[in-house]
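Below you'll find the structure, written out as structure tokens, and then a few comments.
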Amino acid sequence: MVNYKQDISDEGLLLNRMTQTLHKRGPDASGYYVSEHAMMGHRRLVVVDPAGGGQPMKKTIDDNTYTIVYNGELYNTDDVRNTLVQMGFEFESYSDTEVLLAAYIAWDVWCVNYINGIFSFAIWDEERERLFLCRDHLGVKPLYYMQKDDWMIFGSEIKAIMQHPVAEPIIDETGICEIFGLGPAHSLDNGVFKDVKQLPPAHWMVYQQDSFRIEEYWKLEVNEHTDDENETGEHVRELLTDAIKRQLVSDVPICTFLSGGLDSSVISAVASKEFSKRGERLNTYSIDYEGNSQFYKASDFQPTSDDAWVDIMADHIGSNHHRVVLNNNELVAALQDAVNATDMPGMADIDSSLFLFCKEVRKDATVALSGECADEIFGGYPWYLREDLAYDNTFPWSGAIKERQSLLNKDISHIDLDGYVQSKYEDTVKKAPVGDSKDKDARMKKLFYLNIKWFMTTLLTRKDRMSMATSLEVRVPFADHRLVEYAFNIPREYLFYGSREKGILRKALNGILPQDILWRKKSPYPKTFNPQYIKGVRTWMEEILSDNKSPVLDLIDVDTIKKIVDTEGRSFKRPWFGQLMTGPQLIAYLIQLDIWLRRYKVKVSL
């Protein structure tokens with residue numbers, strides 16, 4: 023936190039209280055920086071350089087002291103360090119934290135042009151009394167802030183900001199639109215609570231007494247694609263395998279998530295090969311649910327169960343595989359843990375299952391690699407190939423806007439969810455770089471841009487919050503910005519090689535994966551099919567509806583929700599969000615909304 027109008031150096035107890043809210047993100051150590059106008063706290067999860075990577079970290083050059091707090095990992099640490107050594111810099115540790123701080127000292131705000139990784143960080147420049155905040159290219163790591171009453175407050179999660187006396191848990195009309203119109207997705211710069219903002223992905227901020235500036239340092243561009251089909255596949259393979267190998271650096275146990283799908287399988291295959299080179303065996307983990315073998319039902323969105331495919335891949339790469347089977351009652355109860363982790367309603371059991379899964383994985387490992395982002399950058403979702411979805415004039419994963427509007431309490435039904443969502447959609451489409459593409463190519467570029475800026479960030483938020491709430495760091499090789507840049511310019515006919523979703527990725531991985539895995543039809547994140555889960559959320563929601571003190575009742579149309587609950591979600595005809603969030607998940611989302619309103623004592627100001 024920064025305040026130029028008063029001496030805040032005696033606010034140590036407040037700093038400590040704010041920092042301790044993040045103890046699950048960093049269970050291993052804590053540290054503090056205190057000065058007259060700036061204070062910073064840090065919780066550390068030790069991954070690299072246990073002795074030399076403590077934070078806040080200071081570095082003094084030419085009598086000026088710079089201090090950093092940082093969450094994340096750099097994947098080109100050695101490259102950047104070597105460049106800085108040639109420039110005359112000396113290092114006291116081998117941590118990426120010191121390299122990142124030195125990069126800022128060397129190149130100022132342009133340090134972002136030299137680094138590759140997942141990161142959110144803050145640097146206090148003592149001489150200039152300047153705060154520099156920065157977030158990674160794709161938004162893997164979070165960064166929230168609030169500017170209010172002479173204070174600039176920032177943190178990895180909203181819960182840290184809410185400990186400050188000037189922060190209030192208020193939602194206004196915009197917050198309602200974010201929760202009911204867009205949720206569980208949210209605008210890139212919006213923190214849902216009034217006055218709380220997100221620093222968008224690929225942006226930095228400079229905050230000084232007389233200035234405040236936010237700049238986008240990286241954006242997708244349309245460039246001519248000169249590689250032929252074979253060269254494109256080779257280049258995708260090179261970029262991806264390089265990203266995976268770079269993300270295997272760790273001084274603590276590291277593993278991979280393995281679903282038997284294309285994305286997790288290639289990560290596990292490459293990681294296993296690297297492990298075997300040093301005489302080690304990779305640990306892999308998959309998720310399942312009690313009763314799924316009995317209750318699983320195939321659908322267009324979920325054509326096959328993962329079990330058999332996981333076994334094929336685990337045998338193929340020789341990993342030490344662990345199958346985590348979740349209890350459905352615990353899945354329902356963990357909706358509360360998911361709200362605590364995200365500081366707002368999220369992806370219902372899609373969140374709570376990941377929380378429970380990560381909790382089990384954390385018993386053995388501190389770092390995991392996961393396959394998120396491949397579908398967004400290589401065209402893995404149905405809306406890439408179905409023209410009725412691709413050309414729908416809204417977010418293709420969130421078409422139930424009229425149905426969402428019907429959920430609002432009559433007292434707030436004047437709030438225009440459709441107008442709000444449409445404005446966000448149109449604003450994003452206007453920013454999409456389409457170059458001189460023909461009509462069909464232009465729409466495809468817009469679709470990819472929408473997915474990267476919205477759907478992908480929603481899944482990355484989910485992955486970060488659920489994993490870090492269990493003190494597990496999850497890395498996502500497909501979110502390497504070099505790979506995203508290249509994939510964005512691959513022609514449509516190459517992307518869908520063989521008339522298949524993610525066709526070029528499948529071609530690129532030929533020889534790395536077994537053929538049946540390589541050409542398996544995409545199946546999304548596994549969810550429970552057990553009626554016990556539906557019974558659990560239905561019972562919980564009935565209790566909420568029958569309690570006239572339930573805060574959610576002021577926001578929802580009770581009769582509409584009762585009908586949805588009575589039909590176990592079937593009366594809500596369209597998916598609430600994406601492919602997985604259907605009627606039962608909507609009920610769970612409303613449960614999460616009630617939990618959130620209660621726990622955070624949220625005030626509605628309209």
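Everything in the sequence shown is counted per our numbering, starting at 23 for the first residue and increasing by one.
We put the beta carbon where it would ideally sit given N, CA and C, even for glycine.
What three-state label does DSSP hand residue i in the structure shown?
| i | result |
| --- | --- |
| Trp129 | helix |
| Asn245 | coil |
| His208 | coil |
| Ser286 | helix |
| Met488 | helix |
| Arg65 | strand |
| Ile201 | helix |
| Arg361 | One detail in the question is off: residue 361 reads as Val in this sequence, not Arg. In the structure shown, Val361 sits in a helix (DSSP, three-state: H, G or I). |
| Asp171 | coil |
| Cys156 | strand |
| Glu95 | strand |
| Gly600 | coil |
| Val332 | helix |
| His338 | helix |
| Gln42 | helix |
| His503 | helix |
| Leu165 | coil |
| Met109 | coil |
| Phe234 | strand |
| Asn511 | coil |
| Glu495 | strand |
| Asn86 | strand |
| Trp476 | helix |
| Arg345 | strand |
| Val70 | coil |
| Ser308 | strand |
| His186 | coil |
| Asp147 | strand |
So, residue i versus residue j, is the Cβ gap smaller than 8 Å?
| i | j | result |
| --- | --- | --- |
| Leu472 | Cys380 | no |
| Asp486 | Pro164 | yes |
| Met40 | Gly63 | yes |
| Arg484 | Gly558 | no |
| Asp328 | Lys181 | no |
| Ser374 | Leu357 | yes |
| Leu284 | Ala336 | no |
| Ile629 | Ile526 | The question about residue 629 has no answer here: the residues shown for the chain are numbered 23 through 628. |
| Cys277 | Ala454 | no |
| Leu122 | Ile137 | yes |
| Gly282 | Ile334 | yes |
| Asp264 | Val70 | no |
| Leu482 | Val102 | no |
| Phe599 | Trp419 | yes |
| Leu439 | Phe202 | yes |
| Ala360 | Phe377 | yes |
| Ile534 | Val288 | yes |
| Ile127 | Lys81 | yes |
Mind reading off the beta-carbon distance from residue i to residue j? Whole number of angstroms is fine, and I expect it under 8 Å.
| i | j | result |
| --- | --- | --- |
| Pro548 | Asp371 | Contact flag wrong, Cβ pair sits at about 11 Å. |
| Arg592 | Gly605 | 6 Å |
| Ala60 | Trp173 | In fact, because the Cβ distance is near 11 Å, the residues do not count as touching under 8 Å. |
| Pro499 | Gln269 | 5 Å |
| Thr492 | Leu353 | That pair is no contact at about 15 Å. |
| Lys267 | Val228 | About 34 Å separates the two Cβ atoms, so there is no contact after all. |
| Met563 | Leu612 | 6 Å |
| Ile192 | Lys625 | 5 Å |
| Asp29 | Glu58 | 5 Å |
Sort the options by Cα distance to residue i and report the nearest one.
| i | options | result |
| --- | --- | --- |
| Ser298 | Gly340, Leu262 and Asp328 | Gly340 |
| Pro597 | Gln108, Glu243, Glu425 and Val624 | Glu425 |
| Asp616 | Tyr239, Leu575, Thr582 and Lys385 | Leu575 |
| Asp579 | Gln427, Ser627 and Glu312 | Gln427 |
| Leu577 | Leu96, Glu195, Asn98 and Asp158 | Glu195 |
| Lys529 | Glu251, Asp84 and Ser545 | Glu251 |
| Tyr519 | Gln607, Gly401 and Val587 | Gly401 |
| Arg514 | Met490, Lys432, Arg465 and Val288 | Arg465 |
| Asn104 | Tyr92, Asp118 and Tyr54 | Asp118 |
| Asn93 | Pro72, Asp84 and Gly48 | Gly48 |
| Val244 | Val506, Leu608, Asp359 and Phe599 | Val506 |
| His159 | Ala501, Trp476 and Glu565 | Ala501 |
| Thr43 | Phe176, Thr416 and Ser572 | Phe176 |
| Ala51 | Asp32, Glu58, Leu35 and Pro72 | Pro72 |
| Phe111 | Leu96, Trp129 and Asn98 | Trp129 |
Consider the Cβ of residue i: report whether some Cβ of chain E lies at a distance smaller than 8 Å.
| i | result |
| --- | --- |
| Thr89 | Judged by its chain identifiers, the structure shown contains no chain E, having just a single protein chain. |
For the stretch 532 to 591, list the alpha helix (DSSP H) runs that are entirely contained and at least 4 residues long, ordered along the chain.
537 to 540, 553 to 568 and 580 to 588
For a minimum of 3 consecutive residues, which ranges assigned as the beta strand (DSSP E) are wholly contained in the stretch 359 to 423?
Counting only runs that start and end inside the stretch 359 to 423, the beta strand (DSSP E) elements of at least 3 residues fall at 389 to 391.
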